[in-house]
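So for the sequence shown, the working numbering puts the first residue at 915; every next one is plus one.
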Amino acid sequence: MPALNPSATRFDHKVFRKVLTASTSTDNWSRWFKDLQVSPNTSEIVVEAPSGFVANQVKARFLREVEEAARSAGAGTSPLGVRVTVNETDAVRSSNGHAAGAPVPSVEKTTESPAKRHPSNFHRFATFEVGPSNRFAHAAAWTVAEDPGIYNPLFVYGASGVGKSHLLYAIANHARRRHPSLVIRYCTAEAFVQSFIQSVGRRRMEDFRRRFRQVDMLLLDDFQFLEGKEQTLEEFFWTFNSLHQDGKQIVISCDRPPRDLTAMEDRIRSRVTGGLLADVAPPCLETRLTILRRLNAGHSPPFSPDVLSMVAERITDNVRDLQSALRRLSAYSTLVNQPLTPQAASELLAPLSGFSHSAPTPEKIIAACAEAFDTSVAEILGRNRRPIPSAARRVAMYLTRELTDLSYPRIGKAFGRDHSTVISAHRGTLAQISTNQPFAERVSAIHSSLHTH
């Protein structure tokens, strides 16, 4: 076995830092190296990292530099191997810190206002109600926050209001506590688009790329917002590639699975599906009741179990609607200053359009489009190729896809067309919405009318 350098009787961490920062940078020291524990022996240089993510980064990017710095600091000049491991004590300490619910520091180094740059501290794993509908997504999110890079990218999808943003916030908050040196950026897709447009207009694309590529973890919320925005998608494609090639963690949330992002190129869909897909379904009855009981704990006087059961049975789609329903009932109870009966609660929730159990039917959507475009249902369903009926038909297909759970073939059957025609109509309408403001407002008005009649 090769021996240590006789003149190096102990390991000098000051020399280790000096040599390592000289060969890399001070920023790299604070981010990757300052918590390393280096223990040279007669056969190897053992480097203990505080987490698997840091260990993987060191092995992939800085192994030679760490080896040279270790030799200079006392590991001798003989050709020793370097073994990078995870310090299990740090891992246990981090897990205990999570259980204790310690305060969460900020998650970004940026000049943006705090309201924009800090995911809510309320949205932690401890405040996320786990049930059969979201257990897999929750476990995947926890794993990514604990050890970034294991599932990369992580693509979380589900309908609006089921907790996707909560999971992204929780990842950011926990990862920042678990890995305090990492640069973590949470951003909505809408903010990504706005930042891109502003950077192009001001000719500051280098600043934009630095902002989104010089991070260790990027969390992009509401990914579906990028559909139809070709220039922004192109920039996202290269941002994704840059981060992924450097082993940086990417987390994406979306309101539908990648296969249904029909207005995106295959190369983008293949990138975002290259890691782990995790769906979040609407909460089951038991989970809804648990959520309502937790929310009810803060109400004085608390609602009766019968009222909570009625709300849980009626509001089935998402958590956001549960919260909204309880706020409405709470306001009424406070104003009238009397206990709320299940019957009164049911009547109060009846006018709220968001609590309808059934999505609009294709027939209802077609009728609404016929009225909005001043044409007839027969012309939409017929073979008329005139501009107005054709436009109404495309919008009706688009809205049917957006507002129902029907597949493309089933939508095609409702219109007397094949599924490829529906896909084309959906893509074309999305593209027109992104470039034609009056058209976008017209479609939005039809969308709204379908929820108020």
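Idealized CB from N, CA, C, for every residue including glycine.
Check, Outcome
"Could you name the residues of the same chain whose beta carbon sits closer than 7 angstroms to that of F1154, not counting the 5 residues immediately before and after it, in chain order?", "I1164, R1185"
"State whether the segment 1248-1267 contacts the segment 1094-1105, with contact taken as three or more CB pairs (one from each stretch) at a distance under 8 angstroms.", "no"
"Find out if the Cβ-Cβ distance for the pair I1111, F1137 is shorter than 8 angstroms.", "no"
"I'd like to confirm the pairing. Which residues does DSSP put opposite I1098 in its beta bridges?", "M1131"
"Please report how far the alpha carbon of R945 lies from the alpha carbon of Q971, in whole angstroms.", "11 angstroms"
"Starting from the C-beta of A969, find all residues in its chain whose C-beta is less than 6 angstroms away, skip the five residues before and the five after it, and write them out in chain order.", "A963, V998, V1000"
"Do you know whose CA, among E1104, A1105, D1121, A1059, lies nearest R1091's CA?", "A1059"
"In angstroms with no decimal places, state the Cα-to-Cα distance between S1113 and T1187.", "28 angstroms"
"Three or more beta-carbon pairs under 8 angstroms between the segment 1281-1291 and the segment 1351-1367, yes or no?", "yes"
"Starting from C1198, follow the alpha helix (DSSP H) in both directions and report where the run begins and ends.", "C1198 -> no alpha helix (DSSP H), and no H or E assigned at all."
"Helix, strand or coil for Q1138? Go by DSSP, reduced to three states.", "helix"
"Any contact between the segment 1229-1245 and the segment 1067-1078? By contact I mean 3 or more CB pairs, one from each, below 8 angstroms.", "yes"
"Would you mind working out which of H1093, E1141, L1190 sits nearest Y1065, comparing C-alpha positions?", "L1190"
"Can you list, in chain order, the residues of its chain with a C-beta nearer than 8 angstroms to that of V1221? Leave out the 5 residues immediately preceding and following it.", "L1243, L1254, T1255, P1256, A1259"
"Measure the alpha-carbon distance for L950 versus A936 and round it to whole angstroms.", "17 angstroms"
"Please say whether G1142 and S1348 have beta carbons closer to each other than 8 angstroms?", "yes"
"Measure the alpha-carbon distance for K1030 versus V1044 and round it to whole angstroms.", "Residue placement at K1030 is flagged as unreliable, the pLDDT there being 39, under the threshold of 50; a coordinate-derived value is accordingly withheld."
"Ends of the alpha helix (DSSP H) at A1040?", "It is not in any alpha helix (DSSP H) - A1040 carries neither H nor E in the DSSP assignment."
"Grouping DSSP H, G and I as helix and E and B as strand, with all else coil, what is A1239?", "helix"
"How big is the Cα-Cα spacing for Y1312 and V996?", "57 angstroms"
"Expressed to the nearest angstrom, what Euclidean distance is found between the alpha-carbon atoms of M1224 and Q1252?", "18 angstroms"
"Ends of the beta strand (DSSP E) at Y1071?", "1068-1071"
"Please classify S1109: is it buried, with 16 or more other beta-carbons within 10 angstroms of its beta-carbon, or exposed?", "buried"
"Alpha carbon to alpha carbon, how far is R1124 from L1249?", "52 angstroms"
"With distances taken between CB atoms, is the gap from K1162 to D1130 smaller than 8 angstroms?", "yes"
"Between the alpha carbons of T1204 and V952, how many angstroms are there, rounded?", "48 angstroms"
"Within the same chain, show all residues whose beta-carbon is closer than 6 angstroms to that of D1193, passing over the 5 residues directly before and after it, in chain order.", "Y1071, G1072"
"For I1064, does the three-state DSSP call read helix, strand or coil?", "coil"
"For the putative contact between I1337 and T1146, defined by C-beta atoms under 8 angstroms, what is the C-beta separation to the nearest angstrom?", "I1337 to T1146, Cβ: 22 angstroms. No contact."
"Look at the alpha carbon of V1291 and the alpha carbon of F1139, and state the distance between them as a whole number of angstroms.", "30 angstroms"
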